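Beneath this line is the structure, given in structure tokens, with notes to follow.
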Amino acid sequence: MSYQVIARKWRPQTFEEVTGQETITHTLKNAIENDRLHHAYIFSGSRGVGKTTTARLLAKALNCHKTSEPNPDPCRTDEGNACASCKEISESRSIDVFEFDAASHTGVDDIRELILESININPARDRFKIFIIDEVHMLSNSSFNALLKTLEEPPPRVAFIMATTELHKLPDTILSRCQEFLFRSIPLNKIFDRLKLIADAETINISEPAIREIARSGEGSMRDAQSNFDQVISFSGEKIDIENVISALGIASAELLTRTISAIADSNSSEILKVVDELVSRGQDLRNFSRDLLAVFRDLVVVKMAGDVENLLDTAVFPLADLQKLAQGFSESDLIRYFNSLSETEMRLHDALQPRYLLEIGLIKLVEMRRVHSIEEILRRLSALEGAPQPQNHVSAAPTPEKKTLISNAKPEDAPFPVNSDPIPDSVGDISEEPPDFDPEPPPDFFESTKNEDFISRLTANSPEEFFEGSIQISSEELEHFDDNWLDAAYEKKLALSGSEISLIATASEIAAKLPGYKEKSESVAEIYSRSANAGVGGSEFSHLMPDFSADESYDEMPLLPDNPTGEELMKYAHAHPVVKKALRIFRGKIVDVRKKS
Amino acid sequence: MKIAGREQLRNQLRNREFSPVYVLIGQETFLRDLAAKTIADLALEDAQLREFNEVQHSLNESSIGRAVSDAEQLPMMAARRVVTVSNFLISSSGKKENLKDEDEEILVRYLENPSDRSVLILLPDEFDKRRKISKVLVEKAFVVEFNELVEPELTKWVKSKFAENGAEAEPTAVALLIDLIGSNLRRLSNEISKLSVAALPDKLVTKDLVSSLVASSREMENFELTNRLMEKNARKTIEILSKILDDGAEPLMLLGLIANNYRQLALAKELVIQGKNPGEIRNEFRLPNDAYNVMIAAARRTDRDKVTQLLKRIADTDLAIKTSRGGGGKKGSRLQIEMLVYELLSI
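This is the structure we're talking about:
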């Protein structure tokens, strides 16, 4: 006999052999044994989980000639003594079992011809006339309507078994007339067991990890796993091991995925390059690899968010324990950012001329992302700073928002931010389209290399004291990425303007970084302020950041705030407040809403 | 006559009294059809030639004129004739109607002088009580309304249905079943007969059995998903999401659902900021109480900018699915929608 693919050769012959759907087969057997059969069944579930197989088994059981009643254990057709009905059903040529594919018979005429016209004729030989309708969701609306009446009250000795992968496409009127069975995806270990059984029976020399990898590639579908098994067998020689499976199926091995994830966790770019090199030298599809990696990120998020949930995991590349271990190195938002960035890369891989470079850069981007902090975090730090101890002489003189009447003719040095009255450097003229708040020529020591880990650990500090322990500096890398596009764009623009030289941007985070306390804790904040006020070397460090509040700035009298100020009054007050004014200039912001602190 | 309830019909039938014309109305079509069948069964209890004395007309194919002329015929060797008329609407809206003015006249004329040897059962799928014909029917016929079952009636019904099928269900199993299916009696009855068979030979339906055999209804799950998402119940949300997707729901459909929810959230937030009072906000949404409370709580909790950001992310995901970012096809779009939900949960 010619070669038959595994999926067909090993199609289950009894209800017991249907893997992973024990509750359903048990229920059906019960129904047959106790004569409690429904006249119409719907089997739904994803591909390769046993719907058609179970439908045929049920048909066999109903019509088996071995017993005088429907037989829960129909004949096995691989043994010689199978009854005529069972044999014919397994060969799809039974006279009383009509199996047809709704995908190619969608119209109402097909339904009339195939079902309605013959339904009132008694079965020719067997107990029941059985209609197996595969892919039933493909029927047209009028076909469904034509079936309604028959489905509700079919003649005796007629049974309908419908199978579909898309239950939601069936009208409710059909659903309510049928008994529904939802076939779930088959767990990995059950597919593994079945494949192992087949391998043993067919005397195929294959290692267990290789079988596991094939089982995983089926993604819960037995048929997919078995087809892949076929593919591996024809690809490999005598002995099959995991390497054969990986190259035959072009899948990313767990090992490569682990290495990639660890490399991202450890910020190890060179490891990433090695992984991509390996992928290329094995001739694997890079896009597939990115998809596998995306799925792992998804699983990591699930583990992170939902905890102990094996049934929700998708890839089965890693056991739950491994995933939990890997997930420890990341935060949820990290993983989501990686996912978004990688899915972008994945899409671009589609038409990339040099997919290798694209994947390399895409993955290295993930490594770099680890050092990036969102603007929220940086703003949070800034607001933490606002609560930090202020130099005495400034606090006493600085106007505070709580006070209701204020004369804001304070001199620049009285403001909470040290203000330098130096004029804007001449170089600004070259970039006149830029607001004059920036100094394009930063002091060379402005950005010093920093310890990112240090910075990250400080973000979780419990108190300002802990936060300022030791010295902190933020590197330019940390400031590079922002969640807001316009900040990104502004930064890019700034870079272009100052050429390849490291450039400076005046953003909230930078100001935060340059505020006293980041620099050196040992040096009292007051000292720094006094130095800056003296416009000495230290003071010049801040000068470029601070807006110029020189003579042309007129300080109007602050409006008086009544006890219950209206929105308008509050807005006016805010606009006149010197601190707010400065903040607006520094951040180039605008006031959206002013509310009174209760 | 007034519109009667199920109990009145039951009492009447218990005494084997029959009205010449029944009109069975209401949303609970399963009970309605069951009642129609029971009336027919009892009216033809002793009839020897049931096939000759029972006629069913669907107005999709037949007409009320033919039904009435059937009802005017004398029964064949039996006490009564039963004529059932189904598949028609008595509606005020401009929906497809197969009960025309002249048909109504025929019916009204029959109602003036109905045959006492016939039982005419009308099963309109919609019954607008303001219509003239409706008023005539209410006056001259025996109109019974079948409303949707609510608790505790529903639980009682489920339990009795299990008993009918020769099985017993744990109280938790009953509760779960109702949770999963809702109050659709037709589906409930199907599921109950399936569960009773599955529970053989012990005849005890457990909660585990219910959760492994019953697929929950889509509408329930969708509400559940958005509600849990608003509550930020990560684990539950992820579970429901993967269940819905396993059942083959379209990711884009889910995305639309989620987007709609967050749009409402944004609107609610805006109204809260504007200081509108709860009544006004409630009017704006017309949501069921539970869903409304969850949403308002979420609106108070979430920052306005956050909501905007979330809406942007939803739009991004929409684009990602439509441009097959991250691998196209079913798997790719599934990944995208899952990651979006996780992100919504984490923000």
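The listed protein sequences correspond, in order, to chains A and B.
Heads up: the first sequence begins at 1 in this note's numbering, then just goes up one per residue.
Heads up: the second sequence begins at 1 in this note's numbering, then just goes up one per residue.
For each residue, glycine too, the CB sits at the ideal point set by N, CA and C.
Note that this is a predicted model, so its numbers are computed, not measured.
The beta-carbon of Arg325 (chain B) is placed less than 8 Å from the nearest beta-carbon of chain A. Contact annotation: Ala40 (chain B) and Val143 (chain B) have beta-carbon atoms that are not nearer than 8 Å. For Met305 (chain A), the nearest beta carbon of chain B is closer than 8 Å to its own beta carbon.
Within the segment 181-194 of chain A, the residues whose Cβ lies closer than 9 Å to some Cβ of chain B are Phe181, Leu182, Arg184, Ser185, listed in chain order. Straight-line measurement puts the Cα of Val21 (chain B) at about 8 Å from the Cα of Pro114 (chain B). For Lys129 (chain A), no alpha helix (DSSP H) run applies; the uninterrupted beta strand (DSSP E) run containing it begins and ends at 129-134, by DSSP. With contacts defined by Cβ atoms closer than 8 Å, Leu254 (chain B) and Ile337 (chain B) form a contacting pair.
Contact note: Glu338 (chain B) reaches chain A through Arg298, Val301, Val302, Asp314, using a C-beta cutoff of 9 Å and chain order.
In the DSSP assignment, His577 (chain A) falls outside any beta strand (DSSP E), carrying neither H nor E. Contact note: Lys194 (chain B) reaches chain A through Thr27, Ala31, His38, Gln179, Glu180, Phe181, using a C-beta cutoff of 9 Å and chain order.
Per DSSP, Arg80 (chain B) lies in no alpha helix (DSSP H) and is assigned neither H nor E.
The C-beta distance from Arg334 (chain B) to Glu346 (chain A) rounds to 14 Å, too long to fall under 8 Å, and the pair is not in contact. In this structure Glu213 (chain A) is buried. Its beta-carbon is surrounded by 16 or more other beta-carbon atoms within 10 angstroms.
For the set A:Lys169, A:Ala163, A:Thr14, the Cα lying nearest the Cα of Phe181 (chain A) is the one of A:Ala163. Under the three-state reduction of DSSP output, Gln309 (chain B) falls in the helix class.
Taking C-beta separations shorter than 8 Å and ignoring five residues to either side along the sequence, the partners of Pro171 (chain A) in its chain run Asn141, Phe144, following chain order. An exposed status is given to Arg125 (chain A), since fewer than 16 other beta-carbon atoms sit within 10 Å of its beta-carbon. Rounded to the nearest angstrom, the Cβ distance from Ile24 (chain A) to Phe183 (chain A) is 7 Å, consistent with a contact under 8 Å. Rounded to whole angstroms, Glu164 (chain B) and Ala35 (chain B) show a C-alpha spacing of 17 Å. A straight line joining the alpha-carbon of Arg186 (chain B) with that of Glu170 (chain B) spans about 21 Å. Contact with chain B is found for Ile336 (chain A), since one of that chain's Cβ atoms lies less than 8 Å from the residue's Cβ. Shown here for Phe160 (chain A): same chain residues with a beta carbon closer than 6 Å to its own, the five before and five after excluded, namely Ala40, Phe131 in chain order. One finds Val301, Glu332, Ser333, Ile336, Phe339, Asn340 in chain A with Cβ atoms closer than 9 Å to the Cβ of Glu343 (chain B), taken in chain order. Nearest CB-CB separation between Arg291 (chain A) and chain B: below the 8 Å threshold. By the 16-neighbour rule on beta-carbons within 10 angstroms, Val158 (chain B) is buried. With the rule of 3 Cβ pairs closer than 8 Å, the segment 199-209 of chain B does not count as touching the segment 230-239 of chain B.
Within the model, the alpha-carbon separation for Ala79 (chain B) versus Leu9 (chain B) is close to 20 Å. For Ile192 (chain B), the uninterrupted alpha helix (DSSP H) run begins and ends at 185-198, by DSSP. The contact set of Val197 (chain B) on chain A, defined by CB atoms closer than 8 Å, consists of Thr27, Asn30, Ala31, Asn34, Arg36 in chain order. Nearest CB-CB separation between Asp246 (chain B) and chain A: below the 8 Å threshold.
Within the segment 345-365 of chain A, contact with chain B at the beta-carbon level (separation under 7 Å) is assigned to Glu346, Met347. Chain-ordered listing is empty here: chain A has no CB closer than 8 Å to the CB of Glu224 (chain B), the nearest sitting near 16 Å. Straight through space, the alpha carbons of Ser253 (chain A) and Asn288 (chain A) are spaced by roughly 11 Å. In this structure, the straight-line span from the alpha carbon of Ile206 (chain A) to that of Leu197 (chain A) is close to 12 Å. With a threshold of 8 Å between beta carbons, Thr23 (chain A) makes contact with chain B. Secondary structure of Tyr3 (chain A) (DSSP, three-state): coil.
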